[in-house]
Amino acid sequence: MIRLAPSVSQTTATDAHTEGGYDPHAIQAKWQQLWAERDPFRAGGDDDARPRKYVLAMFPYPSGDLHMGHAENYLYSDIVARYWRHRGHNVLNPIGWDSFGLPAENAAIVRGADPRKWTYANIDQQKAGFRQYGVSFDWSRELHTSDPEYYRWNQWLFQRLYERGLAYRKSSPVNWCPNDQTVLANEQVVDGHCERCGAEVVKKKLTQWYFRITDYADRLLDDLDTLEGHWPSKVLQMQRNWIGRSTGADIHFEIEGRAAKVSVFSTRPDTLYGATFFVVAPDSDLAAELVAEASADVRMQFQAYLEKVQKQTDIERQSTDRPKTGVFLGRYAINPVNGERLPIWAADYVLADYGHGAVMAVPAHDQRDLDFARAFNLPVRIVVDTTVGGGPTLDELDPVATGAALSGEGRMINSGPLDGLGKKDAIAGMIAELEKREAGHAATTFRLRDWLISRQRFWGTPIPMIHTDAGQIVPVPEEQLPVLLPNVEGLDLKPKGQSPLGAATEWVTTADPTTGAPARRDADTMDTFVDSSWYFLRFLSPSSEEHAFPPEAAKQWAPVDFYIGGVEHAILHLLYARFITKVLHDMGLVDFDEPFSSLINQGMVILNGAKMSKSKGNLVLFNEELDAHGADALRTALAFAGPVEDDKDWADVSATGATKFLARALRVAHDVTSEPGTDAAAGDAALRRVTHRVLADAPGLVEQTKFNVVVARLMELVNATRKAIDSGAGAGDPAVREAAEVTAQVLDLIAPHTAEEMWAVLGHEPFVGLVEWPAADPALLVDDTVTAVVQIDGKVRAKLEVASDITPDELERLARDDDQVKRSLGERAVTRAIVRAPKIVSFSTK
1 MIRLAPSVSQ TTATDAHTEG GYDPHAIQAK WQQLWAERDP FRAGGDDDAR PRKYVLAMFP
61 YPSGDLHMGH AENYLYSDIV ARYWRHRGHN VLNPIGWDSF GLPAENAAIV RGADPRKWTY
121 ANIDQQKAGF RQYGVSFDWS RELHTSDPEY YRWNQWLFQR LYERGLAYRK SSPVNWCPND
181 QTVLANEQVV DGHCERCGAE VVKKKLTQWY FRITDYADRL LDDLDTLEGH WPSKVLQMQR
241 NWIGRSTGAD IHFEIEGRAA KVSVFSTRPD TLYGATFFVV APDSDLAAEL VAEASADVRM
301 QFQAYLEKVQ KQTDIERQST DRPKTGVFLG RYAINPVNGE RLPIWAADYV LADYGHGAVM
361 AVPAHDQRDL DFARAFNLPV RIVVDTTVGG GPTLDELDPV ATGAALSGEG RMINSGPLDG
421 LGKKDAIAGM IAELEKREAG HAATTFRLRD WLISRQRFWG TPIPMIHTDA GQIVPVPEEQ
481 LPVLLPNVEG LDLKPKGQSP LGAATEWVTT ADPTTGAPAR RDADTMDTFV DSSWYFLRFL
541 SPSSEEHAFP PEAAKQWAPV DFYIGGVEHA ILHLLYARFI TKVLHDMGLV DFDEPFSSLI
601 NQGMVILNGA KMSKSKGNLV LFNEELDAHG ADALRTALAF AGPVEDDKDW ADVSATGATK
661 FLARALRVAH DVTSEPGTDA AAGDAALRRV THRVLADAPG LVEQTKFNVV VARLMELVNA
721 TRKAIDSGAG AGDPAVREAA EVTAQVLDLI APHTAEEMWA VLGHEPFVGL VEWPAADPAL
781 LVDDTVTAVV QIDGKVRAKL EVASDITPDE LERLARDDDQ VKRSLGERAV TRAIVRAPKI
841 VSFSTK
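Position 341 of the sequence shown, counted from 1, bears residue number 341 in full-length UniProt numbering, the numbering being contiguous throughout.
As structure tokens, this is what we get:
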């Protein structure tokens with residue numbers, strides 16, 4: 001790709017043009033200075049009567065300079081924000097930084113520095129990049145999640161959830177990243193690895209803080225239906241799969257020698273008569289309890305097995321193609337419907353956090369249970385006859401012999417009162433029987449697990465709870481919020497399995513707010529996804545000291561009308577934001593329960609078919625491209641590169657071509673000689689039709705995010721205007737002025753600096769970005785002529801430009817008189833003529 005040298009011109013934008021060149025850097029400098037001085041993109045206040053639109057791009061992490069992904073994402077959101085201003089709306093388009101998190105902390109550890117310095121230096125760098133790029137942010141609402149003014153309200157939110165029983169602490173097996181030395185939520189484990197650093201995740205038992213997101217599982221799932229057609233179907237399906245609702249029954253099993261019963265969830269309670277053994281997760285509390293009274297030999301075998309299991313990921317444990325392993329615990333469960341003693345095994349294919357951490361094993365009808373039964377020579381009993389007429393018999397399908405479980409539907413056998421029933425009736429009958437015996441009931445379970453929010457790292461929101469010497473956990477009094485992070489000077493920030501905040505003795509030592517007795521602060525910090533779960537509301541009043549957000553502002557602005565970001569956030573960020581919004585709705589603080597009315601996922605910017613990365617050495621640097629071509633060419637090239645949701649290969653993107661187009665557009669504005677306000681009605685009709693077609697089509701194209709088509713239509717308009725100037729009406733024609741003005745107005749979406757320059761050259765006051773688009777003239781949208789096709793014996797032989805209101809007789813006459821038609825007919829006679837004015841004439845011959 002040919003790169004233009006960075007401009008060093010100190011001339012004004014107009015001077016640069018009159019000297020024969022298009023100088024994007026001079027134009028940028030001029031208009032960015034004026035935007036900074038006058039702040040034209042600030043959202044209007046309560047006295048602004050215009051309808052409101054809230055446009056938001058997922059806020060960036062300040063990891064360094066902006067990259068091409070940022071360039072794409074914030075271009076698209078800026079196009080939408082600018083569009084709604086042109087349509088007469090009061091637009092909120094804010095910016096902030098997701099500035100807590102591991103990258104800053106890890107960088108600080110490497111450098112031996114305060115993560116604050118690294119974070120805020122990067123924010124300043126990115127902020128300068130956004131200003132150079134010409135994004136129309138409302139800078140008055142800028143926020144950083146690492147500011148005490150922000151994370152105070154994280155702590156306030158935590159305490160509100162705690163009051164409602166939605167924040168709690170428990171000991172359980174958790175995902176542990178040995179590299180980052182912190183726990184991870186299930187959603188932050190990708191294919192068994194830490195989604196941040198890629199290290200293999202292991203299980204570790206810890207006491208951690210959770211948000212009870214499972215209390216909202218039904219609503220989170222059912223309300224996805226309201227987002228159909230407004231969110232990408234891929235995202236909706238990913239969330240449905242992650243929430244994973246299953247219906248069935250909780251079945252209560254007695255355990256010999258144990259007073260309390262153990263509940264097992266099953267989607268197929270109808271197969272209970274086929275249960276031949278019982279399996280518990282080796283890392284569950286139940287397994288530890290059951291083995292405690294076993295023989296020394298069993299305890300030793302179990303402990304060795306547990307240590308192996310704890311080194312495995314959940315994905316490895318649930319793999320269907322690995323040998324089944326387990327340990328008999330020397331205990332028995334009692335089948336509640338037939339009284340059979342079922343041997344209890346600990347096996348790694350059962351997870352502690354699925355259902356109740358235990359399963360009834362029905363090996364004839366579940367493949368994993370069958371594999372286990374065959375490995376340990378356990379009994380297999382068929383209770384569903386899956387045979388069909390003319391097919392293999394049950395003897396031929398014997399799971400023990402074939403190694404294949406009978407997973408299909410059929411009629412119940414060997415199941416007492418259920419014999420002969422189909423699946424649906426058998427499930428209902430079994431649930432009724434369980435309820436009668438007080439041995440179970442209908443139940444629903446979810447794949448979704450509660451959100452683990454505590455982290456053993458420094459650079460995050462301190463959890464606002466106090467641990468008293470009496471063993472109680474109490475909230476920090478609200479008037480003492482925020483609990484500020486301590487000074488890190490002299491503090492060892494290296495991860496060591498527990499939060500480094502615990503070593504800040506002066507900070508962690510506090511008093512019981514009720515008794516005044518010595519106590520300790522909670523030393524963990526919050527998952528940064530807490531920060532981003534509600535940030536869109538803080539933008540409504542980012543400096544408020546009275547509220548996390550004013551409820552009246554939420555009624556005016558929220559939910560977000562247009563939200564854009566990468567599909568990689570489909571589960572993590574978006575699911576958490578939906579959960580917190582529903583909690584706030586139930587608290588009466590917002591009157592909606594979905595945070596984002598519409599969602600767009602942009603594709604990636606790649607290079608030569610591969611994702612850009614430092615390790616591959618194929619990075620295209622945003623700053624270099626900005627210096628080489630200027631912001632407007634970069635924006636135009638990206639907008640023109642293809643549909644929003646598609647990946648764009650930078651090797652195929654032409655910033656040089658975009659520069660030529662913008663220079664051509666600006667040259668049109670300079671060539672206009674008519675005065676502002678000139679009535680265009682008497683101007684060139686053909687050019688006016690092109691202009692008004694752009695005005696008519698652009699709104700629909702923008703609202704469908706077809707930004708590449710908008711650029712294409714602008715190119716057509718500029719070409720038509722150039723043609724009119726050079727060979728038609730001339731530069732003084734009022735239609736030429738109208739076309740140039742419309743070009744500037746629509747071009748503002750894509751290339752705002754050039755558009756502002758065009759607007760000024762055309763004799764208008766700043767700012768074109770605030771000018772409402774004129775309405776298209778319907779009379780100019782009706783074509784005066786159409787293309788009529790002439791067919792002879794089914795083959796197209798001629799095309800005629802005819803009046804749109806031509807009569808059938810006149811159209812047939814013109815067709816017969818056309819020279820091409822005459823040559824094609826030759827000596828043949830027309831036996832039949834079908835005329836569909838004004839578009840088709842069809843002749844048949846012999």
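Glycine is no exception: its CB is placed at the ideal position from the N, C-alpha and C atoms.
A quick note: this is a predicted structure, and the numbers were derived from the prediction, not measured.
I251 and P595 have their C-alpha atoms spaced approximately 38 Å apart. With fewer than three CB-CB distances shorter than 8 Å, the region 61 to 73 does not count as touching the region 28 to 35. Counted as a single uninterrupted DSSP element, the alpha helix (DSSP H) harbouring S727 occupies residues 707 to 727. Apart from sequence neighbours up to five positions away, the residues of its chain that approach L161 with a beta-carbon distance below 7 Å are A167, F211, V583, ordered along the chain. Per DSSP, reduced to three states, the secondary structure at N241 is helical. Within the region 549 to 606, the runs of beta strand (DSSP E) at least 3 residues long that lie entirely inside it are, in chain order, 562 to 565, 599 to 601. Q208 carries a strand assignment under DSSP once its states are collapsed to helix, strand and coil. Secondary structure of I315 (DSSP, three-state): helix. Contact annotation: A275 and L378 have beta-carbon atoms that are not nearer than 8 Å. Pairing R85 with A696, the inter-Cα distance amounts to about 17 Å. By the CB criterion at 8 Å, V605 and K648 fall inside the cutoff. For Q791, the enclosing beta strand (DSSP E) covers residues 785 to 792. Contact between L272 and N335 holds: their C-beta atoms lie close to 7 Å from each other, under 8 Å. Between the alpha carbons of L306 and V298 lies a distance of about 12 Å.
Straight across, the Cα-Cα distance linking A658 with A107 is about 38 Å. For M300, the enclosing alpha helix (DSSP H) covers residues 296 to 309.
Three or more Cβ pairs closer than 8 Å define a contact, and the region 629 to 646 falls short of that threshold against the region 682 to 699. Below 8 Å, enough C-beta pairs join the region 134 to 152 and the region 530 to 538 to call them touching: three or more. Annotation for G440: the continuous beta strand (DSSP E) segment containing it runs 440 to 446. In terms of Cβ geometry, D527 and A185 form a close pair [threshold 8 Å]. Burial is judged here by how many other beta carbons sit within 10 angstroms of a residue's own beta carbon; A49 has fewer than 16 and is exposed. Here P462 is bridged, per DSSP, to T525. Here R111 has W118 as same chain residues with Cβ atoms under 8 Å from its own Cβ, once five neighbours each way along the sequence are excluded. For L206, the CB contacts under 6 Å within the same chain, skipping 5 residues up- and downstream, are V174 in chain order. Rounded to the nearest whole angstrom, the CA to CA distance from Y76 to Q132 is 16 Å. Under the 10 Å beta carbon count, V782 is surrounded by fewer than 16 other beta carbons and is classified as exposed. V359 places its beta carbon less than 8 Å from that of V264.
For the region 136 to 192, the continuous alpha helix (DSSP H) assignments of 4+ residues that do not extend past its boundaries occur at 148 to 163, in sequence order. Rounded to whole angstroms, the Cβ separation of E195 and R457 is 15 Å, and the two are not in contact under 8 Å. Taking 8 Å as the cut-off, the beta carbon of T678 is found no closer than this to the beta carbon of P643.
Rounded to the nearest whole angstrom, the CA to CA distance from A503 to V709 is 58 Å.
Bridge pairing for A333: I255, L342 [DSSP]. Within the model, the alpha-carbon separation for R240 versus L220 is close to 9 Å. Non-local C-beta neighbours of V488 in its own chain, meaning closer than 6 Å and more than five positions away in sequence, comprise D114, ordered along the chain. Taking every protein chain shown into account, the CB of T721 has 16 or more other CB atoms within 10 angstroms, so this residue is buried. Under DSSP, R50 shares a beta bridge with no residue.
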